[in-house]
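Numbering (the working numbering), first residue to last: 39 to 145.
This is the structure in structure tokens:
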């Protein structure tokens with residue numbers, strides 16, 4: 039499950055004119071993040087489906103940041119800590135910018 043930060047450009051209200059520009063990505067080739075989400079008891083992370091995409095807006099970042107911080111504190115390996123820190127950094131960027139979305143991209 040890769041985590042990607044996108045800039046959203048949508049002139050007008052038509053979803054057909056919506057354009058996404060990828061700004062950064064945290065690849066998860068070993069599916070660590072997917073496994074972390076599956077075992078999480080936290081509300082937002084536990085609803086992540088490793089086979090589907092979930093787009094989160096900057097308005098949802100406060101909750102995501104809190105949950106990622108909790109999971110970072112409970113991480114059991116250096117790989118988990120590194121991955122969670124990278125995802126946390128993207129979520130912090132998303133929280134600061136209007137028109138940004140964080141996409142959790144399933145397999």
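Virtual Cβ for every residue (Gly too), placed ideally from N, Cα, C.
Keep in mind that this is a model prediction, so the values were computed, not measured.
Within 10 Å of its beta-carbon, does residue i have 16 or more other beta-carbons around it, so buried, or fewer, so exposed?
i	result
residue 142	buried
residue 47	exposed
residue 116	exposed
Going by beta-carbon coordinates alone, are residue i and residue j separated by less than 9 Å?
i	j	result
residue 92	residue 85	yes
residue 109	residue 58	no
residue 118	residue 70	yes
residue 90	residue 144	yes
residue 98	residue 82	yes
residue 124	residue 41	yes
residue 76	residue 65	no
Would you please state the rounded distance, in angstroms, between the beta carbons of residue i and residue j? I believe it to be under 8 Å.
i	j	result
residue 103	residue 133	6 Å
Out of the options, which has the shortest C-alpha to C-alpha gap to residue i?
i	options	result
residue 63	127, 135 and 136	127
residue 61	95, 45, 51 and 67	45
residue 137	95, 111, 100 and 101	95
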